[in-house]
Amino acid sequence: MRQTATTWFKFIGRERELVTTASTGTAAVSIGDSTLHSAIGIPVEDGDVQRRSPATPQRLKLWSERRYLIIDEISMIDCKTFKRLNTELVKLKSNKDELFGGVNIIVLGDFLQFPSVNTLDLYLGP
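Note that the sequence shown ends on residue 130 in the numbering used here; no numbers are left out.
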């Protein structure tokens, strides 16, 4: 599915608007990209919001051109990380008026395949 989306963005000439990530290092290596935490600049371990990676000029430039974010293996992302994703994208995009700073989030994966690493899953089944 991720490959299909990536191919489509290339086909329509908008691949620079897309960032592909995965929830774990292993999954990120398999898609040839970075982890969600690395792309956004948030620490993997739970902790103070102030301990995030700074919004470096490179990261700000990267996100100034991006409008779509693919997250593979979404089941391993917990609620706290997803909320943090919103907070950081709002800062990186300088757009506090829209969720995720106006970035369209495309999630891939099977919610029933792997539980999140931390306590509260993003999705709880019936």
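For each residue, glycine too, the CB sits at the ideal point set by N, CA and C.
Is residue i near residue j, with beta carbons less than 8 Å apart?
{"i": "Leu22", "j": "Ile74", "result": "yes"}
{"i": "Asp37", "j": "Thr25", "result": "yes"}
{"i": "Ala9", "j": "Glu77", "result": "no"}
{"i": "Ile44", "j": "Glu92", "result": "yes"}
{"i": "Asn108", "j": "Tyr72", "result": "yes"}
{"i": "Met5", "j": "Leu96", "result": "no"}
{"i": "Glu69", "j": "Arg18", "result": "no"}
Could you spell out the range, first to last residue, of the alpha helix (DSSP H) harbouring residue i?
{"i": "Asn90", "result": "Cys83 to Lys97"}
{"i": "Thr8", "result": "Arg6 to Phe15"}
{"i": "Ile44", "result": "Leu40 to Ile44"}
{"i": "Pro61", "result": "Pro61 to Ser68"}
Expressed to the nearest angstrom, what Euclidean distance is found between the alpha-carbon atoms of residue i and residue j?
{"i": "Pro130", "j": "Ser79", "result": "Its pLDDT being 49, under 50, Pro130 is placed unreliably by the model, and nothing is read from it."}
{"i": "Lys87", "j": "Ile81", "result": "10 Å"}
{"i": "Ala59", "j": "Ile35", "result": "24 Å"}
{"i": "Lys84", "j": "Gly106", "result": "19 Å"}
{"i": "Leu89", "j": "Asp114", "result": "20 Å"}
Since residue i sits in a beta bridge, which residues does DSSP pair it with?
{"i": "Asp76", "result": "Ala26"}
Please list the terminal residues of the continuous beta strand (DSSP E) segment that includes residue i.
{"i": "Val111", "result": "Asn108 to Val111"}
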